[in-house]
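Take a look at the structure below.
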Amino acid sequence: MGNLDMKTLLSNSVFLFISCLLLLFANGSLANVKTHYHDFIVQATPVKRLCKTHNIITVNGMFPGPTLEINNGDTLVIKVTNRARYNVTIHWHGVRQMRTGWADGPEFVTQCPIRPGSSYTYRFTIQGQEGTLWWHAHSSWLRATVYGALIIHPKHGSSYPFPTPRRQATLLLGEWWDGNPIDVVRRATRTGAAPQVSDAYTINGQPGDLYKCSSKGTTIIPIDSGETNLLRVVNSALNQELFFSIANHKLTVVGADASYTKPFTTSVLMLGPGQTTDVLISGDQPPNRYYMAARAYQSAQNAPFGNTTTTAILEYKSAPCPAKKGISSTPIMASLPAFNDTNTATTFSRSFRSPRRVEVPTEIDENLFFTIGLGLNNCPKNFKPSRCQGPNGTRFTSSMNNVSFVLPSNFSLLQAHYQGIPGVFTTDFPPNPPLKFDYTGNVSRSLFQPVPGTKLYKLKYGSTVQIVLQDTSIVTPENHPIHLHGYDFYIIAEGFGNFNPRKDPAKFNLIDPPLRNTVAVPVNGWAVIRFVADNPGVWIMHCHLDVHITWGLAMAFLVENGVGELQSIEAPPPDLPIC
Ligand SMILES: *[C@@H]1O[C@H](CO)[C@@H](O)[C@H](O)[C@H]1NC(C)=O
Ligand SMILES: *[C@@H]1O[C@H](CO)[C@@H](O)[C@H](O)[C@H]1NC(C)=O
Ligand SMILES: *[C@@H]1O[C@H](CO)[C@@H](O)[C@H](O)[C@H]1NC(C)=O
Ligand SMILES: *[C@@H]1O[C@H](CO)[C@@H](O)[C@H](O)[C@H]1NC(C)=O
Ligand SMILES: *[C@@H]1O[C@H](CO)[C@@H](O)[C@H](O)[C@H]1NC(C)=O
Ligand SMILES: *[C@@H]1O[C@H](CO)[C@@H](O)[C@H](O)[C@H]1NC(C)=O
Ligand SMILES: *[C@@H]1O[C@H](CO)[C@@H](O)[C@H](O)[C@H]1NC(C)=O
Ligand SMILES: [Cu+2]
-9 MGNLDMKTLL SNSVFLFISC LLLLFANGSL ANVKTHYHDF IVQATPVKRL CKTHNIITVN
51 GMFPGPTLEI NNGDTLVIKV TNRARYNVTI HWHGVRQMRT GWADGPEFVT QCPIRPGSSY
111 TYRFTIQGQE GTLWWHAHSS WLRATVYGAL IIHPKHGSSY PFPTPRRQAT LLLGEWWDGN
171 PIDVVRRATR TGAAPQVSDA YTINGQPGDL YKCSSKGTTI IPIDSGETNL LRVVNSALNQ
231 ELFFSIANHK LTVVGADASY TKPFTTSVLM LGPGQTTDVL ISGDQPPNRY YMAARAYQSA
291 QNAPFGNTTT TAILEYKSAP CPAKKGISST PIMASLPAFN DTNTATTFSR SFRSPRRVEV
351 PTEIDENLFF TIGLGLNNCP KNFKPSRCQG PNGTRFTSSM NNVSFVLPSN FSLLQAHYQG
411 IPGVFTTDFP PNPPLKFDYT GNVSRSLFQP VPGTKLYKLK YGSTVQIVLQ DTSIVTPENH
471 PIHLHGYDFY IIAEGFGNFN PRKDPAKFNL IDPPLRNTVA VPVNGWAVIR FVADNPGVWI
531 MHCHLDVHIT WGLAMAFLVE NGVGELQSIE APPPDLPIC
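Going by our numbering, the letters in the sequence shown line up with residues -9 to 569, in that order.
Below, the structure written as structure tokens:
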């Protein structure tokens, strides 16, 4: 009897064990998880655009750089070797980097730069993110040419929450300078003036047919009648928010920033730098060639911007043969909103929902209010006029809560935190604006000059955080794409004017708000985001217009360790670059 029972018990547990294993295999959570090894060589590469050849900085000689394609759950190990003449770091934009902040990449925040001749290996695992992210340099303005796609397919053994697309393509929107972008930012830093705007926008590194000497390389995306394809659109432009559309085709948005969204249909996208949008398109139009086009959404008033249009071509495989003698083969032009069409940008950003009910934090531990905007510094006494070429002899600056962020140069913030090195930063970033004023009104000139500082805001592990991001009209109101490292956040509301703490909470979407890593804060308006501080480390939050981060539109959170190893940041890798 006893023996038999033992046997049954044993075979039952063996059975259970085997079925668990089978389940694990079916889920792929153990069986198929992969580690992908890559070598990134950062180097100067001659590239011809707009009739001229320039040496630009690339990864592996490619522009845009290599596409990384993995599955949710996989690990990436990327050895970056710097063979260029500039310091460099690489940021894996949108990757949560749970406990692996050393691999995040922003220069002087989570690491010191990889110097010319040196290398550093980034190791991290994708946990629970699916869709489109990207990678880019996070040092000076190198990301103008050093960027590429990071495509995360569904977990092994699972599929998309929409019918599997027949084909997939990635469209990296970029910006091209007919000169060295590093020289452009250095000149701006010297003169205090706004940097020169780019000379072209690009799709997958190509300006397209509407620019001189550019039609040969135009990106062509194939489609067949009747099929549904997935397009992954990334705004990797340095300084410009962009509208995007495809002639005669509707776009069904299904994801953004590597989170799925409730599908909605639109004829135009607006992406701030840093944002990604995944869309389905159907081959439901007569076989032909259709332009896919992008151009500026420019919300700042009286500010110069590149007023040109980049194009790629959506080509039906059965389309009439192009370039036959005497037959016009010009693709059908896409229509795009006016450069200042804030209504269209707003309608688009308000259409985003999570696919289902989500767990938005409701009890808030940290109720923060950050103003974001530009500023003007009066010319320092010891500066020549040539160094104060901003409006009326000033120098442009930028700030959050009136602090213009200054990066350290002797230690990274994360190293200083981890090793307890004093004097590198303080933790007194203000939770509220030091001065209340009519943020979006006629702001007195006396408030234009922020204070430089390396101030962090400390968060306890696991605390729930709400941030009201409030644009100001200092110098000019503008839509700022604000990006938080190490986290995704829910965007629970946005609006125009000054945030009203009595009335506006009634508009909060606590049911199915979208989960993103970059929020385009409306021009002369505000956005409210929420997240749980469950990832220890030092995480920069900044405007993704590089011109603004250069001027100081940033701050950083210091998220403390929780209890035990799994709530603590890992030890730094042995090859971590130090200053
Ligand atoms: C942009 O360019 C178009 C024509 O190329 C012109 O009609 C329009 O006025 C320009 N807009 C601005 C704001 O420069
Ligand atoms: C957009 O700019 C044009 C001039 O280029 C102007 O006429 C129009 O009023 C502006 N629209 C908005 C909404 O500001
Ligand atoms: C520059 O000075 C002019 C004339 O004094 C004034 O109208 C303008 O508003 C000033 N601009 C800024 C940005 O202060
Ligand atoms: C690091 O640099 C800061 C700012 O220049 C300085 O105040 C601090 O003393 C330096 N720390 C060390 C340990 O050298
Ligand atoms: C804005 O305020 C300044 C004084 O701070 C005043 O001179 C100016 O007329 C005001 N402008 C508007 C449009 O109200
Ligand atoms: C920022 O701080 C400086 C220095 O205290 C002050 O002059 C300025 O008015 C402040 N501006 C704002 C918007 O708080
Ligand atoms: C590169 O970074 C190091 C700090 O790690 C710094 O000392 C050096 O000046 C930087 N070089 C350039 C060209 O910026
Ligand atoms: Cu900005």
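Ideal Cβ placement from N, Cα and C applies to all residues, glycine included.
Residue i CB to nearest heavy atom of ligand 7 below 8 Å
i, result
"Tyr76", "yes"
"Arg105", "yes"
"Pro96", "no"
"Cys102", "yes"
"Ile568", "yes"
Sub-9 Å separation of residue i and residue j beta-carbons
i, j, result
"Val224", "Leu200", "no"
"Pro221", "Leu140", "Note that residue 221 is Leu in the sequence shown, not Pro. No, Cβ-Cβ distance for Leu221 and Leu140 is not below 9 Å."
"Gln119", "Ser249", "yes"
"Thr387", "Gln439", "yes"
"Asp189", "Leu40", "yes"
"Gly55", "Thr79", "no"
"Thr35", "Gly51", "yes"
"Asn62", "His143", "yes"
"Leu163", "Ile193", "yes"
"Arg343", "Pro504", "yes"
"Ala237", "Ser109", "no"
"Ser394", "Trp541", "yes"
"Ile210", "Thr242", "no"
"Val99", "Val528", "yes"
Residue interval of the alpha helix (DSSP H) (run including residue i)
i, result
"Asp536", "Asp536 to Trp541"
"Ala406", "Leu403 to Gln409"
Residue i CB to nearest heavy atom of ligand 8 below 8 Å
i, result
"His126", "no"
"His475", "no"
Heavy atom of ligand 4 within 8 Å of residue i beta-carbon
i, result
"Gly413", "yes"
"Ser402", "no"
"Pro442", "no"
"Pro398", "yes"
Limits of the beta strand (DSSP E) - the one that residue i falls within
i, result
"Gly245", "Leu241 to Ala246"
"Thr416", "Unbroken run through Thr416: none, as it is neither H nor E."
"Cys369", "Here Cys369 belongs to no beta strand (DSSP E), and DSSP marks it neither H nor E."
"Asn279", "Reading off the sequence, residue 279 comes out as Arg, not Asn. Here the beta strand (DSSP E) through Arg279 covers Arg279 to Tyr287."
"His470", "His470 to Leu474"
"Ala483", "Phe479 to Phe486"
"Gly515", "Gly515 to Val522"
"Ser272", "Thr266 to Ser272"
"Phe395", "Val393 to Phe395"
"Lys497", "It is not in any beta strand (DSSP E) - Lys497 carries neither H nor E in the DSSP assignment."
"Lys252", "Ser249 to Thr256"
"Lys448", "Leu446 to Leu449"
"Trp131", "Unbroken run through Trp131: none, as it is neither H nor E."
"Thr638", "One cannot answer for residue 638 here, as it falls past the ends of the chain, which runs -9 to 569."
"Pro442", "Val441 to Gly443"
Any non-hydrogen atom of ligand 1 within 8 Å of residue i CB
i, result
"Tyr233", "Checking the sequence shown, residue 233 turns out to be Phe, not Tyr. No, Cβ of Phe233 sits at least 8 Å from all heavy atoms of ligand 1."
"Phe521", "no"
"Asn297", "yes"
Near ligand 6: residue i beta-carbon under 8 Å from a heavy atom
i, result
"Gln460", "no"
"Asn507", "no"
"Phe438", "yes"
"Phe427", "yes"
"Pro423", "yes"
"Ile464", "yes"
"Asn432", "no"
Residue i: CB within 8 Å of a non-hydrogen atom of ligand 2
i, result
"Asn330", "yes"
Residue-level contact to chain B via CB, residue i, 9 Å cutoff
i, result
"Cys378", "Of the protein chains in this structure there is only one, and it is not chain B."
| said: Extract the residue ranges of the beta strand (DSSP E) inside the region 293 to 359, only unbroken runs of 3 or more that lie entirely within it. | reply: 300 to 306
| Segments assigned beta strand (DSSP E), at least 3 residues, entirely inside the region 163 to 236 | Listed in chain order, they are 190 to 193, 210 to 213, 218 to 225 and 231 to 236.
| request: Just list the alpha helix (DSSP H) runs in the region 23 to 73, keeping only unbroken ones of 4 residues or longer that don't cross its boundaries, in chain order. | output: none
| task | Please specify which runs of the beta strand (DSSP E), each continuous and at least 3 residues long, are wholly inside the region 68 to 116, giving them in chain order. | result | 80 to 83 and 109 to 115
| said: Give me the pocket residues for ligand 8, defined as CB within less than 6 Å of any heavy atom, sorted by chain position. | reply: Those residues are His470, Cys533, Leu535, His538 and Leu543, given in chain order.
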